[in-house]
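Before any comments, here is the structure.
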Amino acid sequence: MTRSPGARSAAAVVARSVGGDPAERRRRRLLGASLTCCAAFLLAAVAVATFDLTGPECLRTPAGSTVCLAGNGGYSVSSPPGVSEPIDDFTFGGRLVPDTSGLAPYVGESGLRPGVVVAALLLVVPFAVFALQVVRLGSAARERRLAALRLQGATSADLRRIAAAEVRGTGLVAGVAGLPAYLGLWLLLGVLPPSGWRLLPTPGLTLALAWPVVAVVVVAAAVLAARRAADVGTADALGLSRRRARPLSRSSATVTGIALGVLLLGLVLYVLAPNGAAAGVVVLVLPLVFVAAAVAAGPWIVVAVGRRHIRRGSPVAVLAGRRLVADPRTPGRVAGVLLAVGLAVGFAVSDVIGIFLSGRTDPYDLAFFGGGILTALGAIGLAAVVAALSLVVGAAEQVLDARRPTAALVALGAEPATVVRVVRTQLRSVSVLPAVGGAVVGATLLGGWFAVAEGGGRAWVVPAAIGAVVVAVLVAGGAAALGAAGAQRLLRRPLAEAMSVESLRTA
């Protein structure tokens with residue numbers, strides 16, 4: 033079907049009117065903020081990955097002496113006035129800390145730096161999921177306008193072009209704002225912390241060169257997401273529009289299977305050769321693969337949970353299950369992120385318990401491991417907050433899109449409290465269950481590794497591993513339940529509007 037002049041003019045009118053809609057402006061601000069955070073953390077990964085010491089690699093002793101590697105395999109020592117240390121008694125790379133202008137050891141040491149790069153890349157994922165949710169925010173009204181264009185002859189390609197035009201400018205502004213956002217992040221994490229705790233190096237030329245590349249990546253990702261979310265509405269000859277069903281496809285199952293297969297292969301390689309050269313690469317790549325597999329498997333987890341609710345038979349469970357099965361993609365992405373967050377919580381809790389019960393007394397060791405765990409917990413908390421916001425955005429879109437059925441349900445005699453319980457069940461199902469499952473897996477894996485490493489020689493190993501699972505479940509499950517309760521609180525107003533009589537007149 034070719035597009036008529038009337039359809040072309042209508043497309044231009046819609047493109048202009050969408051930009052003047054207050055809801056659309058709010059959506060663009062949220063999208064710009066999330067994409068800016070994506071760009072900032074991408075630049076942080078670049079900054080850490082390209083950071084290196086100028087000159088020979090030097091380490092600093094607790095008393096202030098500096099030990100530098102020499103070209104012939106030896107080392108040179110320079111000590112402050114009045115300081116005399118038996119440097120020969122130190123093991124290079126042991127209690128010595130990197131002389132890296134106050135950076136934390138796991139950032140300054142070249143062997144640990146790739147882990148920080150992976151952590152920065154992982155922090156991009158929750159912001160990307162949030163941006164994808166925001167692209168669909170308010171799409172119920174936009175789909176009706178776009179569906180009207182379909183009746184006038186606009187093609188699917190036309191609709192995708194309109195959707196891409198809506199976000200292209202926002203993505204460009206966000207990509208350009210990525211460097212100022214990174215500079216703010218650098219002031220927060222690379223300047224304000226005390227020496228030895230700083231997480232970001234001083235910005236250099238490499239960062240300026242990577243800036244336009246990151247901006248292009250952000251724009252391309254925003255346009256691709258908008259084009260994929262564009263053609264989801266249908267309209268009949270009377271002009272009535274509705275959201276097109278989006279069941280999970282065979283391609284989605286294939287992608288999920290590939291991601292899980294790669295994850296399983298990486299685990300097998302690591303178990304077979306835990307000390308080999310490839311083990312380090314596997315350890316760095318596995319977190320990225322796991323997050324990708326979790327996000328890909330999230331919709332299938334939501335479908336399984338929804339079908340379980342349907343089998344329970346109670347009205348609240350059946351309604352919640354039907355809503356989850358009807359659109360598993362939107363909450364599934366959030367469930368995948370929360371699954372990864374729960375796994376990280378399980379690892380962190382097991383690590384904390386293992387450190388405090390293993391008898392470590394060296395101040396440097398405690399500061400090193402304690403600082404790393406605190407940093408990891410901060411990153412986990414940030415990812416959890418962003419995932420909760422994504423949950424709010426996705427649930428708000430579903431509530432607004434189902435205003436008429438919700439109002440009809442209440443008009444036919446359903447109690448408003450019943451509808452509220454349905455939404456609460458939905459939110460808890462896609463937040464608490466994945467977070468608890470990830471926490472159990474993470475704490476069990478690391479606790480089991482501790483038990484094997486200690487060889488059962490210490491009485492505290494097995495009880496500590498069991499305690500780590502319990503604590504991880506309480507922490508992850510409690511945080512997820514708190515996030516679901518906060519999301520439900522934020523949805524009170526849109527839910528009340530959806531249950532009102534006026535919503536019966538919604539097209």
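Heads up: the sequence shown is residues 33 to 539, going by this note's numbering.
Beta carbons are placed, not taken as given, at the ideal position from N, Cα and C, and that holds for glycine.
For the pair residue 73 and residue 236, the Cα-to-Cα distance works out to about 16 Å. Where residue 382 is concerned, the enclosing alpha helix (DSSP H) starts and stops at 361–389.
By the Cβ neighbour-count rule, residue 515 is buried, with 16 or more other Cβ atoms within 10 Å of its own. Counting only residues of its own chain and dropping the five nearest sequence neighbours on each side, residue 500 has a CB closer than 6 Å to the CB of 381, 382, 385, 475 and 479. Beta bridge pairing from DSSP links residue 283 with no other residue.
Secondary structure of residue 66 (DSSP, three-state): helix. Checking the DSSP bridge columns, you'll see residue 164 has no partner listed.
Using a Cβ distance threshold of 9 Å, residue 373 and residue 336 do not count as a contacting pair. Per DSSP, residue 184 lies in no alpha helix (DSSP H) and is assigned neither H nor E. If you look at residue 218, you'll find it in the alpha helix (DSSP H) that goes 210–218. One Cα belongs to residue 144, the other to residue 446, and the distance between them is close to 58 Å. The beta carbons of residue 519 and residue 409 sit no closer together than 9 Å. The Cβ atoms of residue 429 and residue 198 do not sit closer than 9 Å to each other. Inclusion of residue 357 and residue 166 in the CB contact set at 9 Å is not warranted, their separation being larger than that value. Using a 10 angstroms sphere on the CB of residue 461, the tally of other CB atoms reaches 16 or more, which defines it as buried. A distance below 6 Å between beta-carbons, with the five flanking residues on each side excluded, links residue 466 to the following residues of its chain, in chain order: 367, 370 and 371. Boundaries of the alpha helix (DSSP H) harbouring residue 529: 524–530, taken from the DSSP string. The three-state reading of DSSP puts residue 356 in helix, counting H, G and I together. Taking a contact to require three or more Cβ pairs closer than 8 Å, the stretch 247–254 and the stretch 62–77 qualify as touching.
By the neighbour-count definition (other C-beta atoms within 10 Å, threshold 16), residue 444 is an exposed residue.
Burial of residue 66 is indicated by the presence of at least 16 other C-beta atoms within 10 angstroms of its C-beta.
In the three-state scheme derived from DSSP, where H, G and I count as helix and E and B as strand, residue 135 is classed as strand. With contacts defined as CB atoms closer than 9 Å, residue 77 and residue 183 fail to qualify as a contacting pair. Annotation for residue 504: 377, 378, 381, 471 and 475 place their beta carbon closer than 6 Å to its own, counting only its chain and skipping 5 residues before and after.
In this structure, the straight-line span from the alpha carbon of residue 407 to that of residue 61 is close to 29 Å. Using a Cβ distance threshold of 9 Å, residue 148 and residue 80 count as a contacting pair.
In this structure, residue 454 and residue 352 form a Cβ contact; the two beta carbons are roughly 5 Å apart against a cut-off of 8 Å. Counting along the chain, no alpha helix (DSSP H) covers residue 231, and no H or E run does either.
Comparing alpha carbon positions, the residue from 326, 156, 141 and 137 closest to residue 473 is 326.
If you look at residue 346, you'll find it isn't in any alpha helix (DSSP H); DSSP assigns it neither H nor E. At a Cβ-Cβ threshold of 9 Å, residue 136 and residue 469 do not count as neighbours. Assignment of residue 461 by DSSP, reduced to helix, strand and coil, places it in the helix class.
Minimum Cα-Cα distance from residue 361 among the listed residues 348, 331 and 338 corresponds to 331.
In the displayed model, residue 191 falls within a helix according to three-state DSSP. The beta carbons of residue 527 and residue 451 sit about 7 Å from each other, so the pair counts as a contact at 8 Å. Pairing residue 226 with residue 134 gives a Cβ-Cβ distance under 9 Å.
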